[in-house]
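Asks: This is the structure I want to talk about, given as structure tokens.
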Amino acid sequence: MRSTGVGSLPGEDFAEATRIVLGELTDLPHLPELPARGAIANMTGRALAMIEGLDADLQPAGWRLTGTSGSPGVDHRRARSLLAQDLDTVEELAQDSALTSGGGAVKIQVAGPWTLAATVERPRGDKLLADHGARRDLAQALAEGVGAHIRDVRRRLPGIETLVVQVDEPALSAVLAAQVPTASGFGKHRSIDLPEASQALEWVLGAIAGEGAVPWVHSCAPGTPLGLLRKAGAKGLSVDLSQLSAADHDDLATALEAGDTVALGVLPALAPEGAEPTDKTVTETVERWLDMLGLDTAYDIVLTPACGLAGADWRWARTALRILTESARHLA
Numbered sequence: 001m002r003s004t005g006v007g008s009l010p011g012e013d014f015a016e017a018t019r020i021v022l023g024e025l026t027d028l029p030h031l032p033e034l035p036a037r038g039a040i041a042n043m044t045g046r047a048l049a050m051i052e053g054l055d056a057d058l059q060p061a062g063w064r065l066t067g068t069s070g071s072p073g074v075d076h077r078r079a080r081s082l083l084a085q086d087l088d089t090v091e092e093l094a095q096d097s098a099l100t101s102g103g104g105a106v107k108i109q110v111a112g113p114w115t116l117a118a119t120v121e122r123p124r125g126d127k128l129l130a131d132h133g134a135r136r137d138l139a140q141a142l143a144e145g146v147g148a149h150i151r152d153v154r155r156r157l158p159g160i161e162t163l164v165v166q167v168d169e170p171a172l173s174a175v176l177a178a179q180v181p182t183a184s185g186f187g188k189h190r191s192i193d194l195p196e197a198s199q200a201l202e203w204v205l206g207a208i209a210g211e212g213a214v215p216w217v218h219s220c221a222p223g224t225p226l227g228l229l230r231k232a233g234a235k236g237l238s239v240d241l242s243q244l245s246a247a248d249h250d251d252l253a254t255a256l257e258a259g260d261t262v263a264l265g266v267l268p269a270l271a272p273e274g275a276e277p278t279d280k281t282v283t284e285t286v287e288r289w290l291d292m293l294g295l296d297t298a299y300d301i302v303l304t305p306a307c308g309l310a311g312a313d314w315r316w317a318r319t320a321l322r323i324l325t326e327s328a329r330h331l332a
């Protein structure tokens, strides 16, 4: 039993966030994401920073592809530079740890092809989701960019034994249910067929596995098709326990019995208004869930917050990570 974070954390001090992650999440630290630093550091900006061959710029409505390779906007260049600087910081702070000396594990995150297609605009306006060719090009470019990113992380942290790459797809259920608004706001984009949805994920997850990393998919949105994610190549499913349906529980039990990982979101992303959970209550929650499934703690379960902690304050973020680590030790 291990613990990790979903990805995002509060504040703008990347070095301090990295120190906290390395100190609290000793089994599976993750590369922090700090969206408070602006659009160049949020989920979309981070993913675009990894992609080569597609350039973008930042518009008032958000990120938009420029349509020509070799002419990234200033914000796209800043996003790429910031990612490189953050990796420099991780490389420096991880010295003398298992991440450089051998035997360690680490998790990195990237926005998935469908969440990007639902948030990034094409050059002539509206989301990439509206254009079949653009959707395909984006997914393939993302697969190539993630592969290069994995190689860069391994070069900087040569002691990594296990590298997990979490593909964030919070918009996938909305894409499949035709719930993504068009640019005008008066309509919705058409739903994507399941074979196309699966193929784009297969390209990205396959590129991750091809680099020797472990592909996970995370979504804290209800209605995410967990079975589709596994068929597309996900070896880990990261979910919010409070949002699961009966079918989801069955899919997770099947994944565990097949030897895959389930990252179980068991703590709220924001500090609760009433009594805060403790390591004891979290441990009991996981035990009850396993008992409901007829399973035990021998399976590969990772405890996480329900979603990213970007909206929390640092007191709750630290508390949450500490509770998760202590609960994982109890269950182990």
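If you're matching positions, the sequence shown starts at 1 in UniProt numbering and goes up one per residue. Quick reminder that beta carbons are idealized off the backbone N, C-alpha and C, glycines included.
1. List the DSSP bridge partners of residue 237.
2. Unbroken beta strand (DSSP E) runs of length 3 or more, entirely within the stretch 38 to 111: which are they?
3. Enumerate in chain order the residues of its own chain whose CB-to-CB distance from residue 24 is below 8 angstroms, with the five nearest sequence positions on each side excluded.
4. What residues in its chain sit with their C-beta under 8 angstroms from that of residue 130, if we drop five residues either side in the sequence?
5. Starting from residue 162, follow the beta strand (DSSP E) in both directions and report where the run begins and ends.
6. With the cut-off set at 8 angstroms, would you say residue 242 and residue 279 are in Cβ contact?
7. For the ligand MN, any of its heavy atoms closer than 7 angstroms to the Cβ of residue 66?
8. Got a sec? Which residues, its chain only, sit under 8 angstroms from residue 126 by beta carbon, not counting five neighbours each side?
9. Where does residue 211 sit, in a helix, a strand or coil, going by DSSP?
10. Taking 8 angstroms as the threshold (C-beta atoms), are residue 137 and residue 205 in contact?
11. For residue 301, report the span of its beta strand (DSSP E) as first-last.
12. Tell me whether residue 202 sits in a helix, a strand or coil according to DSSP, three-state version.
13. So is residue 88 buried or exposed if we call it buried at 16+ other beta carbons inside 10 Å?
14. Assuming residue 201 and residue 112 form a contact by the criterion Cβ under 8 angstroms, report the distance between their Cβ atoms to the nearest whole angstrom.
15. In this structure, what does DSSP give as the bridge partners for residue 181?
16. Could you pull the DSSP bridge partners for residue 3 from this structure?
17. Excluding sequence positions up to five away, which residues of its chain have a Cβ less than 8 angstroms from the Cβ of residue 228?
Replies: Reading from the atomic positions:
1. Residue 237 is bridged to 217 and 262.
2. Uninterrupted beta strand (DSSP E) stretches at least 3 residues long and entirely within the stretch 38 to 111 occur at 56 to 59, 62 to 65 and 104 to 111, given in chain order.
3. The residues are 318, 321, 322 and 325.
4. The beta carbon of residue 130 sits closer than 8 angstroms to those of 122, 182 and 189, all from its chain and outside the five residues before and after it, given in chain order.
5. Residue 162: member of the beta strand (DSSP E) spanning 160 to 168, first to last residue.
6. Taking 8 angstroms as the Cβ cut-off, residue 242 and residue 279 do not qualify as a contacting pair.
7. As far as ligands go, the structure on display features none, and thus does not contain the ligand MN.
8. Within the same chain, and ignoring the five residues on either side of residue 126 in sequence, the residues whose Cβ sits closer than 8 angstroms to its Cβ are 182 and 183.
9. In the structure shown, residue 211 sits in coil (DSSP, three-state: anything other than H, G, I, E or B).
10. Residue 137 is positioned such that its CB atom lies no closer than 8 angstroms to that of residue 205.
11. In the DSSP assignment, residue 301 falls within the unbroken beta strand (DSSP E) covering 301 to 305.
12. Three-state DSSP puts residue 202 in a helix.
13. With fewer than 16 other Cβ atoms within 10 Å, it is exposed.
14. Yes, residue 201 and residue 112 are in contact; Cβ-Cβ is about 7 angstroms, under 8 angstroms.
15. For residue 181, the beta-bridge partners assigned by DSSP are 188.
16. For residue 3, DSSP records a beta bridge to 303.
17. Taken in chain order, the residues that qualify are 194, 197, 198 and 201.
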